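What follows is one structure encoded as structure tokens, with my remarks underneath.
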Amino acid sequence: MRIVTRERAIAYRLHVNHLVERLPVGSHGEAAYVGLQDTAPRDALLGLHARMVGCTPGDWEHPSLIQTYSPRAAVYVLPVRDFGVMTLGRMPLDSRRVDELAEQVCETLNGQERRGAGIHGLREACASGRIAVRWDTTSLWAREVRRPDIDVADARRELCRRHVHHFGPTTPKVFAWLSDPRLSVQRFAVAAEGGA
Numbered sequence: 583m584r585i586v587t588r589e590r591a592i593a594y595r596l597h598v599n600h601l602v603e604r605l606p607v608g609s610h611g612e613a614a615y616v617g618l619q620d621t622a623p624r625d626a627l628l629g630l631h632a633r634m635v636g637c638t639p640g641d642w643e644h645p646s647l648i649q650t651y652s653p654r655a656a657v658y659v660l661p662v663r664d665f666g667v668m669t670l671g672r673m674p675l676d677s678r679r680v681d682e683l684a685e686q687v688c689e690t691l692n693g694q695e696r697r698g699a700g701i702h703g704l705r706e707a708c709a710s711g712r713i714a715v716r717w718d719t720t721s722l723w724a725r726e727v728r729r730p731d732i733d734v735a736d737a738r739r740e741l742c743r744r745h746v747h748h749f750g751p752t753t754p755k756v757f758a759w760l761s762d763p764r765l766s767v768q769r770f771a772v773a774a775e776g777g778a
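For the sequence shown, our numbering assigns the number 583 to the initial residue and increments by one for each residue that follows.
Right under this line is the structure:
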């Protein structure tokens, strides 16, 4: 049995999350690969700067990046190309509530970007992949986006794989806390059996 020390686990995580050697200029998508929490004072920008050479103050809104709510109700910055993995990947196994909330939020938005304050169900509806947000540290704006073209089961498996690869060694309980506290432990076990 292999013993993984705390020091080795930390060294591994620093390496795979590009915190040992910074990525080249313009590597926004790779720097934000598993999502960067964006709480005040613009933490996602600090995360980008730690991972990528030549980061500028406006890089948090680079066209290759998008923002949405995480399951822990914080805004995250992530690659546009991975929006489906990071949203649909955390859909509950019974997604009816999220789908209904997303429909209501989209009706409220009515095709416009609007201030997010007071929009009922906005945070939870973001798991639908239909809603993106833009937070500039003073205001939050929400807009409807096209739902990503990825199978929900595939998105769940990929989210689990990324969690194991970037935050391992880990446990189903930790994955559940980070993704969806309702049924993620079961999802972790299913994804792990499928080769995660």
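Just so you know, even glycine gets a beta-carbon here, dropped at the ideal spot from N, CA and C. All values reported here derive from a predicted model rather than from experimental measurement.
- Message: Using DSSP's beta-bridge definition, name the partner residues of TRP717.
- Response: Taking the first residue of the sequence shown as position 1, residue 717 is located at position 135. Answer is LEU722.
- Task: Could you please give me the residues that DSSP links to THR669 through a beta bridge?
- Result: Within the sequence shown, the letter at position 87 stands for residue 669. DSSP, once it has assigned bridges, lists no residue as partnering THR669.
- Message: Checking 8 Å against the spacing of the C-beta atoms, do ALA714 and GLY671 come in under that value?
- Response: As a first step, residue 714 is located in the sequence shown; it is residue number 132 there, counting from the start. As a first step, residue 671 is located in the sequence shown; it is residue number 89 there, counting from the start. No; because the gap between Cβ atoms is not below 8 Å, this pair is not in contact.
- Item | Where PRO661 falls, given that 16 or more other Cβ within 10 Å makes a residue buried | Position 79 of the sequence shown, counted from the first residue, corresponds to residue 661. Buried: at least 16 other Cβ atoms inside 10 Å.
- 6 Å CB neighbourhood of ALA626 in its chain, flanking five on each side removed: Along the sequence shown, one-based indexing puts residue 626 at 44. Same-chain partners within the cutoff: LEU618, ASP620, TRP642 and VAL659.
- Item | Whether VAL727 touches ARG712 by CB criterion (8 Å) | Translated into positions along the sequence shown, residue 727 becomes position 145. Translated into positions along the sequence shown, residue 712 becomes position 130. Yes. Within cutoff.
- For ALA709, which residues from the same chain have a beta carbon less than 6 Å from its beta carbon, with the 5 sequence-adjacent residues on both sides left out? As a working mapping, residue 709 is identified with position 127 in the sequence shown. The residues are THR669, ARG672, MET673 and VAL680.
- PRO645 burial status per 10 Å Cβ neighbour count (16 or more: buried): Walking along the sequence shown from the start, residue 645 turns up at place 63. The residue is exposed, with fewer than 16 neighbouring Cβ atoms inside 10 Å.
- Message: On a Cα-Cα basis, can you pick out the residue from ARG584, GLU589 and LEU596 that is closest to PHE749?
- Response: Taking the first residue of the sequence shown as 1, we reach residue 749 at position 167. Ranking the options by Cα distance to PHE749, first place goes to LEU596.
- Task: Express the C-alpha separation of ARG716 and LEU722 in angstroms, rounding to a whole number.
- Result: Stepping through the sequence shown from its first residue, residue 722 is reached at position 140. Stepping through the sequence shown from its first residue, residue 716 is reached at position 134. Each residue's alpha carbon lies about 6 Å from the other.
- Alpha carbon to alpha carbon, what distance is there between HIS610 and GLU589? Taking the sequence shown and counting its residues from 1, the one referred to as residue 589 is at position 7. Taking the sequence shown and counting its residues from 1, the one referred to as residue 610 is at position 28. Each residue's alpha carbon lies about 28 Å from the other.
- Message: Here's a check: name, in chain order, each residue in its chain whose Cβ is nearer than 6 Å to the Cβ of THR690, leaving out the five neighbours to either side.
- Response: One-based indexing of the sequence shown puts residue 690 at position 108. Excluding residues within five positions, the ones whose Cβ falls inside 6 Å are ILE701.
- First and last residue of the uninterrupted alpha helix (DSSP H) at GLN686: Numbered from 1 along the sequence shown, position 104 holds the residue referred to as residue 686. Segment 678–691, the alpha helix (DSSP H) holding GLN686.
- LEU675 - DSSP class collapsed to helix/strand/coil: What you label residue 675 is simply residue 93 of the sequence shown in a count that begins at 1. Reduced to three states, the DSSP call for LEU675 is coil.
- Apart from the five residues just before and just after GLU612, which ones in its own chain have a Cβ nearer than 6 Å to its Cβ? Along the sequence shown, read from residue 1 onward, the residue named residue 612 stands at position 30. Contacts found: LEU605.
- Terminal residues of the continuous alpha helix (DSSP H) containing ILE592? Here the question's residue 592 lines up with position 10 in the sequence shown. Segment 588–598, the alpha helix (DSSP H) holding ILE592.
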